[in-house]
Amino acid sequence: MIPATMRAWKVRTPAPVDTHPLQLTNTEVPTPAADEALIAVRTCGVCRTDLHVTEGDLAVHRPHVTPGHEVVGEVVALGNAVTTLAVGDRVGVAWLRHTCGECTYCLAGRENLCPLSRYTGWDADGGYAEFLTAPASFVYSLPGGYSDAELAPLLCAGIIGYRSLRRADLPPGGRLGIYGFGGSAHITAQVALAEGAEVHVMTRGEHARRLALELGAASAQGAADRPPVALDSAILFAPVGDLVPPAMEALDRGGTLAIAGIHLSDVPSLNYQRHLFQEKQIRSVTSNTRADALEFLAFAGRHRIEITGPHYRLDQADRALEDLSAGSIAGAAVLQVG
């Protein structure tokens, strides 16, 4: 039986997490629209984008929003127009929750650039709650062989990392540099390694460097340190613009840097000869398409991905974001909800 009320975290007013902008509330369980599913949340990953929403790095789209967009749960009710899901299905909900389907970008297979796109945990309430609704066309079937907690980080950290890897144009057997080694990076490194890449990690935390080596990285050094080899491609996961110049300088001729984050601090000036000449390039990454998600989840079904990171109870979501802000989380944190 579906209860009338649920626990849900709300962003009162965006502010630094150490000032406690999140509030745990008791609120009504939402009713799904005709094209939506009501999902009982089992787990929800803790993503750096949740931190950006909570702290106001991203503009407010929905006042008092419930964060969270790496959701694993069970379908408990369906709108009357939904035919693709059934009550009892284990499903995933990710960041992208709506596109228009009619614009130039949508029609070209680039729905991640749709001007009318909307997002879970930013434009609509997300998974830091016991229930949420989501459009059925943006709900994913999940691969077997993983626990609910292992699946949650795949739904953003994994998907956006997968798209970032493709945007980085890594050649077969190429040398990939990864800057920052949190939830998304530790998944992406495993994808690259499974595809035959040589991975070098630059990150500030000793625990993160140890994890990188345990997962198979060829080297791990400080965030701004030069890797031991010239890189064919690099991905910047840390939201730190100061790392763009050293990453560009570490690239070999013709190399590509993909910037994975939705938010980045200011980038210092670049020297054309040192950082850009010889056809080096910088590419941003904006959200993902549903095709990206389906490809990555299929990949995860074929290749076992090890998910490392702490678990928190739902009532500890504020602490989880504080730990993420402090850089004390190795891997991907997950909220255990249901």
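Okay, so the sequence shown: first residue is 1 according to full-length UniProt numbering, each after it adds one.
Backbone N, C-alpha and C fix where the C-beta goes; we use that ideal spot for every residue, glycine too.
Please read all numbers here as calculations on a predicted model, not as lab measurements.
query                                                                                                             : result
Residue from Glu279, Thr308, Leu85 with nearest C-alpha to Thr188                                                 : Thr308
Cβ distance (whole Å) where Val267 is taken to contact Arg167 below 8 angstroms                                   : At roughly 17 angstroms, the Cβ-Cβ gap does not stay under 8 angstroms, so Val267 and Arg167 are not in contact.
Straight-line Cα distance separating Arg175 from Lys10                                                            : 42 angstroms
Pairwise C-alpha distance: Leu251 and Gln273                                                                      : 13 angstroms
Helix, strand or coil at Ala94 [DSSP, three-state]                                                                : coil
3 or more residues per run - each beta strand (DSSP E) lying fully within the stretch 252 to 326                  : 281 to 284, 311 to 313
Sufficient close CB pairs (3 or more, under 8 angstroms) joining the stretch 292 to 308 to the stretch 181 to 195 : yes
Simplified DSSP state of Arg163, which is helix, strand or coil                                                   : helix
heavy atom of the ligand HEM below 6 angstroms from Gly73 C-beta                                                  : The ligand HEM is not among the ligands present in this structure, which contains no ligands whatsoever.
Opening and closing residue of the alpha helix (DSSP H) in which Met202 lies                                      : Premise fails: Met202 lies in the beta strand (DSSP E), 198 to 202, not in any alpha helix (DSSP H).
Cβ-Cβ distance between Val65 and Gly127 below 7 angstroms                                                         : no
Where Ser328 sits in the DSSP three-state scheme                                                                  : coil
Cβ neighbour criterion (16 or more within 10 Å) applied to Thr13                                                  : exposed
Reference Asn27; option with closest CA among Arg42, Glu130, Asp35, Asn112                                        : Inspection of the sequence shows that residue 27 is occupied by Thr rather than by Asn. The shortest Cα separation from Thr27 among Arg42, Glu130, Asp35, Asn112 belongs to Glu130.
Cutoff 6 angstroms; reference Asp318; Cβ partners in own chain excluding five residues on either side             : Leu22
Buried/exposed call for Ser328, threshold 16 Cβ in 10 Å                                                           : exposed
Own chain residues within Cβ distance below 6 angstroms of Phe296, not counting five before or after              : Gly158, Ile159, Tyr162
Cβ-based neighbour list, Ala224, same chain, cut-off 6 angstroms, excluding 5 preceding and 5 following           : Pro246
Simplified DSSP assignment, three categories, for residue 340                                                     : Outside the displayed span of the chain (1 to 338) sits residue 340, for which this structure offers no information.
Whole-angstrom distance between Glu195 and Phe299, CA atom to CA atom                                             : 11 angstroms
Exposed unless 16 or more other CB atoms sit within 10 angstroms - verdict on Ala208                              : buried
Euclidean distance between Cα positions of Ala212 and Arg62                                                       : 37 angstroms
Selection from Arg313, Val17, Ser325, Asp323 that minimises the alpha carbon distance to Gly338                   : Arg313
Per-residue burial, His200 [other beta carbons within 10 Å of its own, 16 or more giving buried]                  : buried
Beta carbon of Arg90 nearer than 7 angstroms to that of Leu142                                                    : yes
Alpha-carbon spacing of Val17 relative to Ala197, whole angstroms                                                 : 37 angstroms
Alpha carbon of Ala40 to alpha carbon of Leu231, nearest angstrom                                                 : 44 angstroms
Presumed contact (8 angstroms Cβ cut-off) between Tyr179 and Phe237, rounded CB distance                          : 6 angstroms
Separation of Ser117 from Gly101, as counted between CA atoms                                                     : 10 angstroms
Start and end residues, alpha helix (DSSP H) containing Val191                                                    : 183 to 194
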